[in-house]
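This report concerns only the one structure given below.
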Amino acid sequence: MTDPSAAPLGTAGLVTLLTDRLLAGPSATAVLEEWCHERGLSAGGSSLCAVPVTAAARAPSAQQCERLGVGSPDLVRYRRVRLTCGAHVLSEAQNWYVPERLTPGMNRVLDTTATPFGRAVHALAPQRRNLSLERLWTQTAGRPGPATALFAIHAVLSTADGVPFCEVVETYRGAILADGG
């Protein structure tokens, strides 16, 4: 991978580089952790944290239940978090997942810690199928501020055996372009 701090990429180049990595990677968490390290955002021991967003639970749609292979929305849990690295809010993620397809330990970690979803379910060797990419920022809008929504990715995660266990919508923010070095 190209180190984003090694070449003088403009804002659009950085957004494209990150988007490409996220679309190609099996885990957004792993991509973000590497990105934060490369950009110097994880200096001083900061790591990627999932900070819960207080919001009403959103039941999955009929299409989401179908993609997750469940007959009832009651079998799906909703989790909404902001992924942060130090003081930087990098993204907001909405996860609809099937707790019965995770281990009790994974569910406990998701319920009681600031562990990002991808790190919590790493042992499942997730496969990621991207459903859509929505570009929310354009160069003509000028340099994005830290809270500016840059793009959103909608994906389904499945086990190595192809069993879907999570649908996620991730919205990435301008703070992800910060340079900590």
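Counting from 3, one number per residue, gives the positions in the sequence shown under the numbering used here. Glycine included, C-beta positions come from ideal geometry on N, C-alpha and C. These numbers come from a predicted model, not from an experiment.
> Candidates P75, L138, R82: which alpha carbon is nearest A14's?
Replying inline: For A14, the nearest C-alpha among the options comes from L138.
>> Spatial neighbours of M3 within its chain, please: C-beta separation below 6 angstroms, excluding the five flanking residues on both sides.
In response: Bear in mind that the predicted position of M3 carries a pLDDT of just 42, short of 50, making it unreliable; the figure below should be weighed with that in mind. Setting aside the 5 residues that flank it on each side, M3 has no residue in the same chain whose C-beta is closer than 6 angstroms to its C-beta.
> Going by the CB atoms, is the gap between Y174 and S44 shorter than 9 angstroms?
Replying inline: Taking 9 angstroms as the Cβ cut-off, S44 and Y174 do not qualify as a contacting pair.
> What is the DSSP secondary structure of A61, reduced to helix, strand or coil?
Replying inline: Coil at A61, not helix or strand.
> Just curious, the alpha helix (DSSP H) that H124 is in, first and last residue?
Replying inline: Run containing H124: none; DSSP gives neither H nor E here.
>> Once the 5 residues before and after D22 are set aside, which same chain residues still bring their CB inside 6 angstroms of it?
In response: Here the set comprises nothing.
>> Tell me which residue opens and which closes the beta strand (DSSP E) that P166 is part of.
In response: Unbroken beta strand (DSSP E) run through P166: 166-175.
> From A180, A89, N97, C38, pick the residue whose C-alpha is nearest to that of R145; which is it?
Replying inline: Ranking A180, A89, N97, C38 by Cα distance to R145 puts A180 first.
> For the stretch 50-67 against the stretch 76-83, are there 3 or more C-beta pairs whose distance is under 8 angstroms?
Replying inline: The stretch 50-67 and the stretch 76-83 touch, with no fewer than 3 CB-CB distances between them shorter than 8 angstroms.
> Okay, do the stretch 114-123 and the stretch 24-44 touch, 3+ Cβ pairs below 8 angstroms being the bar?
Replying inline: Contact between the stretch 114-123 and the stretch 24-44 is present, because at least three Cβ pairs lie under 8 angstroms.
>> So, for G184: in the same chain, excluding its five sequence neighbours on each side, which residues have a beta-carbon less than 7 angstroms away from its beta-carbon?
In response: Because residue 184 is not part of the residues shown, which for the chain are 3 to 183, the question remains open.
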